[in-house]
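Heads up, the thing below is written out as structure tokens.
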Amino acid sequence: MRRFFLIAIPYAWLTVLFLVPFAIVFKISLSDYAVSIPPYVPQFDWAEGIMAFIRELDFENFIFLTEDDLYWKAYLSSLKIAVTATFLTLCVGYPIAYGMARAPEEWRPTLMMLVILPFWTSFLIRVYAWMGILSNEGYLNQILLWTGIINEPLTILNTNTAVYIGIVYTYLPFMILPVYSALDRLDGSLIEAAEDLGCSRAQAFWLVTIPLSRPGIIAGCFLVFIPTLGEFVIPSLLGGSGTLMIGKVLWEEFFSNRDWPVASAVAVILLLILVIPIVLFQRNQQKQAEAEQ
Amino acid sequence: MSRLSWFNTVSLTLGFAFLYIPMVILIVYSFNESKLVTVWAGFSTKWYGELMRNDAFLSAAWVTVKVAVLSSTFATILGTMGAYVLVRGGRFRGRTLFSGMIYAPLVMPEVITGLSLLLLFIGIGIERGVMTIVLAHTTFAMCYVSVVVSSRLVTFDRSLEEAALDLGCSPAEAFRLVTLPIIAPAVISGWLLAFTLSLDDLVIASFTSGPSATTLPIKIFSAVRLGVSPEINALSTIMIGIVTVGVISASLISKQALVRQKRDEQAAARVQ
Numbered sequence: 001m002r003r004f005f006l007i008a009i010p011y012a013w014l015t016v017l018f019l020v021p022f023a024i025v026f027k028i029s030l031s032d033y034a035v036s037i038p039p040y041v042p043q044f045d046w047a048e049g050i051m052a053f054i055r056e057l058d059f060e061n062f063i064f065l066t067e068d069d070l071y072w073k074a075y076l077s078s079l080k081i082a083v084t085a086t087f088l089t090l091c092v093g094y095p096i097a098y099g100m101a102r103a104p105e106e107w108r109p110t111l112m113m114l115v116i117l118p119f120w121t122s123f124l125i126r127v128y129a130w131m132g133i134l135s136n137e138g139y140l141n142q143i144l145l146w147t148g149i150i151n152e153p154l155t156i157l158n159t160n161t162a163v164y165i166g167i168v169y170t171y172l173p174f175m176i177l178p179v180y181s182a183l184d185r186l187d188g189s190l191i192e193a194a195e196d197l198g199c200s201r202a203q204a205f206w207l208v209t210i211p212l213s214r215p216g217i218i219a220g221c222f223l224v225f226i227p228t229l230g231e232f233v234i235p236s237l238l239g240g241s242g243t244l245m246i247g248k249v250l251w252e253e254f255f256s257n258r259d260w261p262v263a264s265a266v267a268v269i270l271l272l273i274l275v276i277p278i279v280l281f282q283r284n285q286q287k288q289a290e291a292e293q
Numbered sequence: 001m002s003r004l005s006w007f008n009t010v011s012l013t014l015g016f017a018f019l020y021i022p023m024v025i026l027i028v029y030s031f032n033e034s035k036l037v038t039v040w041a042g043f044s045t046k047w048y049g050e051l052m053r054n055d056a057f058l059s060a061a062w063v064t065v066k067v068a069v070l071s072s073t074f075a076t077i078l079g080t081m082g083a084y085v086l087v088r089g090g091r092f093r094g095r096t097l098f099s100g101m102i103y104a105p106l107v108m109p110e111v112i113t114g115l116s117l118l119l120l121f122i123g124i125g126i127e128r129g130v131m132t133i134v135l136a137h138t139t140f141a142m143c144y145v146s147v148v149v150s151s152r153l154v155t156f157d158r159s160l161e162e163a164a165l166d167l168g169c170s171p172a173e174a175f176r177l178v179t180l181p182i183i184a185p186a187v188i189s190g191w192l193l194a195f196t197l198s199l200d201d202l203v204i205a206s207f208t209s210g211p212s213a214t215t216l217p218i219k220i221f222s223a224v225r226l227g228v229s230p231e232i233n234a235l236s237t238i239m240i241g242i243v244t245v246g247v248i249s250a251s252l253i254s255k256q257a258l259v260r261q262k263r264d265e266q267a268a269a270r271v272q
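Sequences listed follow chains A and B, in order. Under the UniProt record's numbering, read the first sequence as residues 1 to 293, first letter to last. Under the UniProt record's numbering, read the second sequence as residues 1 to 272, first letter to last.
Structure below.
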């Protein structure tokens, strides 16, 4: 009996507040838009039953999404931004993780804490900090003008460059930690062996260190890529009107256009896109767990 | 390797500079006299005073703390139960679905979680406000708590619990006297994680809050959209300060607990 309640309570909670809402999104994505409160005509009426539902089923919101250029472009540009930003984060994060793994043993806990600390600080504040740095009168332009590197202020804020900087900055800990833990486990004698056998340092790094830290690299890339794809805060604060990201489109569709059926359809497709990397990530983690055992 | 090569020194220095300089600038300029955030005009704490007199921010801060305390507490209870079910529940019908529901919210984009919960609340006709934000935050935070607690439960030596049961404890007593003290650090860090996630959340709170309840991130976001302001810098500095103190003291406490545990184990080994 006690076991029943132990299972039933969290189960019921998640069903009501996670699974059911999800079914509602799916349902509304198949409904028609209407000027009313709530602004949609439900597609599914219990009284009419399932047959009527199937008869009426027309996927028109999804067809609308494929017809309107905006959505295609938003999905593609989200993917492009997420892939590029993940790669940039790897390029910035790998040397840091490598340096941490090579640092003296007694420094490592402190370095770890220094990486984790920003992660606990408000995401919004960390993004906001860059607004002051990157704006036209911002600190970066002030320094560059003062040193004479440029004569006119650069426009960085409200461009995709600012979005990339924001993503790399906020997601850096997610890349550093898994890569560091992979590098930390790496047996140093393997590199020495490679060097003894005639590898140069660069060759040893490329042929031994990188392949052995691959699980960490893969995990880090997924941890950055997955949340970046649906990111809303960074493109809306640092990006400009030209920055198309699907999280922002969904938000605007819902709050500005009040078109709930289309917003729901946007959400369903975003989720379908995310299923692939999530499954791959899960598999990578499982393989790693098995390898450890 | 005891000494760092120049390459590693450079990459660590640049890396940590990149991580910390933006925040340092933010903090320094919160003490700026000028209304223009990017022009330094002398030291002043006037923006902190201004902030203390800003009722809108204060009431939003109060709502945020209330939501965070309530939701992280519920999330810790539900999440610990969830972890227990995952690790110890054995086989039951719908186990796969259950573990799916624990892990899925971790990777779900916030816009989708927020949208789906809002549609639920409207569908069943709950008025949106503090209550609905608490429900939403509890739901996604309990999954994080479950993951943290279950990773501790997996490494937990079950024979300790069995010994307690053999010695006459009821299952509830065994849980309270043996299991709970051992998993306590994980439960506490789960609570802390849930608390910060709730404090931090903008997207889900925006979807699930009504006009009656505005949280601090919602307030900050709408202010920040208009540009940088010294008041927000002051507010950010306070929040960074609280988090820094919290994280450092938490890590010191857990370090101490670790030292004590080692000492106890050594003492036990000597007795044997």
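The beta-carbon is built from N, C-alpha and C at its ideal position, and this holds for glycine as well.
Which of the three DSSP states is assigned to Glu290/A in this structure?
helix
I need the DSSP call for Asn257/A, collapsed to helix, strand or coil.
coil
Along the chain, where does the alpha helix (DSSP H) that runs through Phe59/A open and close?
Counting along the chain, Phe59/A falls outside any alpha helix (DSSP H), and DSSP gives it neither H nor E.
Counting Cβ pairs closer than 8 Å, one from the segment 205–224 of chain B and one from the segment 58–75 of chain B, do we hit at least three?
yes
Once you ignore the five residues that flank Ile226/A on each side, which residues in its own chain have a CB closer than 8 Å to its CB?
Leu274, Pro277, Ile278, Phe281
Against chain B, which members of the segment 132–165 of chain A pass a CB distance test of less than 8 Å?
Gly132, Ile133, Ser135, Glu137, Gly138, Tyr139, Gln142
Going along the chain, which residues of its own chain have a beta-carbon closer than 6 Å to the beta-carbon of Phe205/A, five neighbours each way excluded?
none
Tell me the residue span of the alpha helix (DSSP H) that contains Trp130/A.
123–134
Exposed or buried, which one is Val233/A when buried takes at least 16 other CB atoms within 10 Å?
buried
Using a C-beta to C-beta distance shorter than 9 Å, which residues of chain A count as neighbours of Ile232/B?
Ile125, Tyr128
Looking at the structure shown, is Asp32/A part of a helix, part of a strand, or coil, going by DSSP?
strand
Considering only residues of the same chain and omitting the five flanking positions on each side of Leu207/A, which have a CB-CB separation below 7 Å?
Ala194, Cys199
Do Thr121/A and Met175/A have their C-beta atoms closer together than 9 Å?
no
Beta-bridge partners of Asn32/B, as assigned by DSSP
Phe43/B
Host alpha helix (DSSP H) of Val119/A (start-end):
Per the sequence shown, residue 119/A should be read as Phe rather than Val. 108–120 is the extent of the alpha helix (DSSP H) around Phe119/A.
Figure out for me which residue from Ser198/B, Ile182/B, Ser209/B has the closest Cα to the Cα of Gln131/B.
The sequence given here places Met at residue 131/B; Gln does not occur at that position. Minimum Cα distance to Met131/B is reached at Ser209/B.
Helix, strand or coil for Ser146/B? Go by DSSP, reduced to three states.
helix
Using a threshold of 9 Å, state whether the C-beta atoms of Ile220/B and Leu124/A are closer than that.
yes
Would you list, in chain order, the members of the segment 213–228 of chain B that have their beta-carbon closer than 8 Å to a beta-carbon of chain A?
Pro217, Ile220, Phe221, Val224, Arg225, Gly227, Val228
Among Asn160/A, Ser213/A, Glu137/A, which one has its Cα closest to the Cα of Ala182/A?
Ser213/A
Inter-stretch contact at 8 Å, needing at least 3 Cβ pairs: the segment 42–56 of chain B / the segment 253–272 of chain B:
no
For the segment 186–193 of chain A and the segment 255–273 of chain A, state whether three or more C-beta atom pairs, one from each stretch, are separated by less than 8 Å.
no
To test your reading of the DSSP string, which unbroken alpha helix (DSSP H) runs of 4 or more residues are found completely within the segment 45–77 of chain B?
46–53
If we ignore side chains and look at the alpha-carbon of each, how far apart do Val134/B and Ala213/B end up?
11 Å
Check each residue of the segment 230–258 of chain A: if its Cβ is closer than 9 Å to any Cβ of chain B, include it; give the result in chain order.
Gly230, Glu231, Phe232, Val233, Ser236, Leu237, Ile246, Gly247, Lys248, Leu250, Trp251, Phe254, Phe255
Taking the alpha-carbon positions, what's the Phe87/A to Gly230/A distance?
17 Å
Nearest residue (CA-CA) to Trp130/A, options Arg270/B, Pro171/B, Leu165/B, Ile21/B
Ile21/B
Could you check the C-alpha separation between Pro10/A and Phe57/B for me, to the nearest Å?
35 Å
Is the segment 103–122 of chain B touching the segment 179–188 of chain B, taking contact as three or more C-beta pairs under 8 Å?
no
Measure the C-alpha to C-alpha separation of Cys221/A and Asp55/B and round it to an integer number of angstroms.
43 Å
What is the DSSP secondary structure of Asn160/A, reduced to helix, strand or coil?
helix
Cβ pair Pro118/A, Leu19/B closer than 9 Å
yes
Near Glu137/A, which residues of its chain fall below 8 Å by C-beta distance, leaving aside the five closest residues on each side in sequence?
Pro153
Going by C-alpha to C-alpha distance, which of Val266/A, Ile7/A, Glu67/A, Pro173/A sits closest to Arg88/B?
Ile7/A
Candidates Ser236/A, Arg3/A, Gln286/A, Ala291/A: closest to Gly90/B by CA position
Arg3/A
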